[in-house]
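*Asks:* When we follow the working numbering, the leftmost residue of the sequence shown carries the number 97, and every step to the right adds one.
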Amino acid sequence: MKKVFLFFALFSILNIGNAQNPLSYEYVIQKEGMTAEQIYNSLVVWISTNFTSIDGEYLKDKEEKMIVKDVMIDFSTGKLSTICYDGDVKFKMQFFCREGRFKVILTNFIHSNLPGNSRTCILGLIYDTPVRGKNGKFDEKVWESIKADTDLFANNLKTKLENEIKLTQTDTNDDW
């Protein structure tokens, strides 16, 4: 009995040490001289003009200075051997505004493929390390491709937010 207990204890410790976390990106962007209200308003306008809605409006909480938006990017491996994985990756963008800065979190990356493709080619929730599914090495190759695409998207988003979220002066001339 002690051996069985020891085996299960060792097995659970090994699994805890090998735990995977869902893929996510998080960064803080400094905007000196801007209030939380100004950052929030700039982000609402920027998101409205740069992203199309997936399922209607996005969550905005002006009191808490928080925005949550569902986003979808198209995904294709560009290879015939993994064409059944072509589809999209959906995820959540979260913005939290404070005086002089805001935090961006990209999380819950979920891969789905095009209608008509094999259900075994759906990776679902993307983790920070590859998960070998029914398709073995193909799942790992596609995970690497998704990871590269999301890394690129997150880096480009950070650069755009750093450059495009600015304090805008309101025009006092009403004769336009």
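Ideal Cβ placement from N, Cα and C applies to all residues, glycine included.
Going residue by residue through the region 170 to 221, where are the continuous beta strand (DSSP E) segments of at least 3 residues, counting only ones entirely within it?
*Replies:* List check, beta strand (DSSP E) in window: 183 to 194 and 197 to 209.
*Asks:* At the level of alpha carbons, what is the spacing between N117 and I222?
*Replies:* In a straight line, the C-alpha of N117 is about 9 Å away from that of I222.
*Asks:* DSSP three-state call for V121: helix, strand or coil?
*Replies:* Going by the sequence as given, residue 121 is Tyr instead of Val. Looking at Y121 - three-state DSSP - the assignment turns out to be strand.
*Asks:* What are the boundary residues of the beta strand (DSSP E) that D157 is part of?
*Replies:* Note, D157: beta strand (DSSP E), L155 to D157.
*Asks:* If I'm right that K256 touches G196 with Cβ under 8 Å, what's the distance once you round it to whole angstroms?
*Replies:* K256 to G196, Cβ: 19 Å. No contact.
*Asks:* How many angstroms separate the CA atom of D157 from the CA atom of G232?
*Replies:* Using only the alpha carbons, I get a separation of about 43 Å.
*Asks:* Exposed or buried, V124, counting other C-beta atoms within 10 Å across all chains shown (16 or more means buried)?
*Replies:* V124 should be labelled exposed.
*Asks:* Please report the distance separating the alpha-carbon of L119 from that of M130.
*Replies:* In a straight line, the C-alpha of L119 is about 31 Å away from that of M130.
*Asks:* If you reduce the DSSP assignment to three classes, tell me which class D247 lands in.
*Replies:* Three-state result, D247: helix.
*Asks:* For T246 versus F205, is the C-beta distance shorter than 8 Å?
*Replies:* Cβ atoms of T246 and F205: closer than 8 Å.
*Asks:* How about F171: is its C-beta nearer than 8 Å to some C-beta of chain B?
*Replies:* No chain B is part of this structure, which consists of one protein chain only.
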